[in-house]
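Start counting the sequence shown at -11; every next residue gets the next number (the working numbering).
For reference, the structure is listed below as structure tokens.
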Amino acid sequence: MKSIVKLVSAIIFTTLFLTSCGDDKPDAKSMDEIRKEEGIPVQVEEVKYQPFNKYLTFFSKLTGIKEATKGSIVGGKIEKINALVGDYVREKQIIVEFDTYNPGVQYEQAKSAYENLKKNYERVKALLEAGETSQANYDAIETQYIVAKRNYESVRQMLFIEAPFDGILVDMKVNVGDNVKGDVPLFTVSQTNKMRSKIWVSEKEISQFKKGMKAITEYNGQQFIGKVVEISLAMDPAKQAFFVEVEFDNPKGTIKSGVTNEIRILTYEK
């Protein structure tokens, strides 16, 4: 019995001893206490120069650096089209041909008169060189020939419509067999190795622009860097705005003529 009492007493003593030891541990410190003792932790970074750029954004149509739409003075039936959209064409290459049997133009008569006078002119010229005709006779025939040639060329240009310059055929507005009226647009040729856009800006904005300023546009996920090339000095009375023209290199013809795109112009950087 005494052994049991001793064992129980030992267990109680051990428990009380361990409990008293655990109570000696200090209480956890609060965040305020830690900050008072150690301060507030901070992260130090080196001060670096950060550029400041200001852009003005516009939406404007882009076209080839040189572009022209051709038509015909006279109307008629479209007989032939000699190029497709996207083709590279040469200056004076015939693109659209009208039916030559046009009573209002009299193409066949002009052609016949020119060919006959050309033969006569060449014959008289040979006679003059051989001393078998007078200078006065030669001069008269030459004048008739020149008039007939100019008349034929003028009529021919009405029916055989040529490209105005080297470039890309970007638009064809007619088809073979169409009957069109005079002065109707037929096709457009553009030089697309460089693209231009005319942006209209307000009186308050125009003072911010200078030639050579950087311009940025994107097309099909590709960024194009250009510059301001022209700034108007007078307000357009109809638009009540000033134009600023920008130019972009387009060596692969990626940007298509006639598209309206977002254009950003860097007006300030520091």
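From the three backbone atoms N, C-alpha and C, an ideal C-beta is built for every residue, glycine too.
All figures in this text were calculated on a predicted structure; none of them were measured in a lab.
So who's on the other strand from Ser220, going by DSSP bridges?
Beta-bridge annotation (DSSP): Ser220 is not paired with any residue.
What runs of the alpha helix (DSSP H), each 4 residues or longer, lie entirely inside the region 140 to 175?
The alpha helix (DSSP H) runs of length 4 or more contained entirely in the region 140 to 175 do not exist; there are none.
In whole angstroms, what is the alpha-carbon distance linking Ser245 and Glu235?
When rounded, the separation of the alpha-carbon atoms in Ser245 and Glu235 is 13 Å.
From the DSSP output, which residues share a beta bridge with Ile204?
Looking at the DSSP assignment, Ile204 forms a beta bridge with Ile213 and Arg252.
Less than 9 Å separating the beta-carbons of Ile149 and Ile82?
In this structure, the beta-carbon distance from Ile149 to Ile82 falls below 9 Å.
Buried versus exposed, by CB contacts within 10 Å (16 or more), Ser195
Residue environment: Ser195 is assigned as exposed (fewer than 16 neighbouring CB atoms within 10 Å of its CB, all protein chains considered).
With a 10 Å radius around its C-beta and 16 neighbouring C-beta atoms as the bar for buried, classify Val77 as buried or exposed.
Only buried fits Val77, as 16 or more other CB atoms lie within 10 angstroms of its CB.
Would Glu55 be called buried (16 or more neighbouring beta carbons within 10 Å of its own) or exposed?
It is buried - the Cβ of Glu55 has at least 16 other Cβ atoms within 10 Å.
CB of Phe231 within 9 Å of CB of Glu250, strictly
No Cβ-Cβ contact shorter than 9 Å links Phe231 with Glu250.
What beta strand (DSSP E) runs, 3 residues minimum, are completely inside the region 77 to 153?
With a minimum length of 3 residues, the continuous beta strand (DSSP E) runs that stay inside the region 77 to 153 are 82 to 86 and 148 to 150.
Hey, would you say Ala151 sits closer than 9 Å to Val168, going by beta carbons?
Contact: no.
In three-state DSSP terms, what is Ser195?
Reduced to three states, the DSSP call for Ser195 is helix.
How far does the beta strand (DSSP E) with Thr45 in it extend, from its first residue to its last?
Residues Asn41 to Lys49.
Could you check whether the region 175 to 190 touches the region 46 to 54, counting it as contact only if at least three pairs of C-beta atoms, one from each stretch, sit closer than 8 Å?
They touch, by the three-pair rule.
Got a sec? Which residues, its chain only, sit under 8 Å from Asn90 by beta carbon, not counting five neighbours each side?
So the qualifying residues of the chain are Val62, Gly64 and Leu147.
What's the gap between the Cα of Lys107 and the Cα of Val135?
When rounded, the distance between both Cα atoms is 14 Å.
In terms of residues, what are the limits of the beta strand (DSSP E) holding Lys65?
Where Lys65 is concerned, the enclosing beta strand (DSSP E) stretches over Gly64 to Ile69.
So, using beta-carbon positions, are Pro173 and Thr255 closer together than 9 Å?
Going by C-beta atoms, Pro173 is not nearer than 9 Å to Thr255.
Return the chain-ordered list of same chain residues with a C-beta closer than 6 Å to the C-beta of Arg252, the five sequence neighbours on each side being excluded.
Hits under 6 Å: Tyr43, Thr45 and Ile204.
Under the assumption that Tyr140 contacts Lys99 (Cβ atoms under 8 Å), give the Cβ distance between them as a whole number of angstroms.
Tyr140 to Lys99, Cβ: 6 Å. Contact.
Enclosing beta strand (DSSP E) for Val234 [first to last residue]:
First-last of the beta strand (DSSP E) with Val234: Phe230 to Asp237.
Looking at the structure shown, is Val177 part of a helix, part of a strand, or coil, going by DSSP?
Residue state, collapsed to three classes: strand.
Based on the DSSP secondary-structure assignment, which residues constitute the bridge partners of Gly59?
Gly59 is bridged to Pro173.
Helix, strand or coil at Val73 [DSSP, three-state]
Coil, per DSSP.
My understanding is that Asp127 touches Val73, with C-beta atoms under 8 Å, so please give their C-beta distance in whole angstroms.
With a Cβ gap of about 49 Å, Asp127 and Val73 do not count as contacting.
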